Amino acid sequence: MTCRELVDFLGAYVDEELSSDVRRQFDGHLAACPECAAYLDAYRNTVGLAKDALHDPDEPVPASVPEDLVRAILAARRKR
Ligand SMILES: [Zn+2]
């Protein structure tokens, strides 16, 4: 798995929607790539904060999600 693929699977991974096959590749990449491990940490924190801030889980992500992280995620997707 490449860093680019890992970013694509990040949301599904955090929601535990990956098949066990893909998940194994994902974990393998994380173990070998500190950059992506740090990235996952930041992503998890953001998702956790966003969920804590919601009263209704169907509401869109609130504006309190850090702009910087959103931009970093978008930039990483474009770059790789
Ligand atoms: Zn990586």
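Be aware that the sequence shown starts at -2, since it is given in my numbering, and climbs by one per residue. We put the CB at the ideal spot given by N, CA and C, even for glycine. This one's a predicted model, so the numbers in the text were calculated from it and none came from an experiment.
Exercise for review: Measure the C-alpha to C-alpha separation of G8 and R75 and round it to an integer number of angstroms.
Suggested key: 17 Å
Exercise for review: Could you have a look at P63 and say whether DSSP puts it in helix, strand or coil?
Suggested key: coil
Check your understanding: What does a CB cutoff of less than 8 Å around D18 pick up in its chain, not counting 5 residues either side in sequence?
Key -> none
Practice item. Say yes only if the C-beta of E32 is nearer than 7 Å to one or more non-hydrogen atoms of ligand 1, and no if none qualify. Key: yes
Check your understanding: Does the separation of the CB atoms of L27 and L37 fall below 8 Å?
Key -> yes
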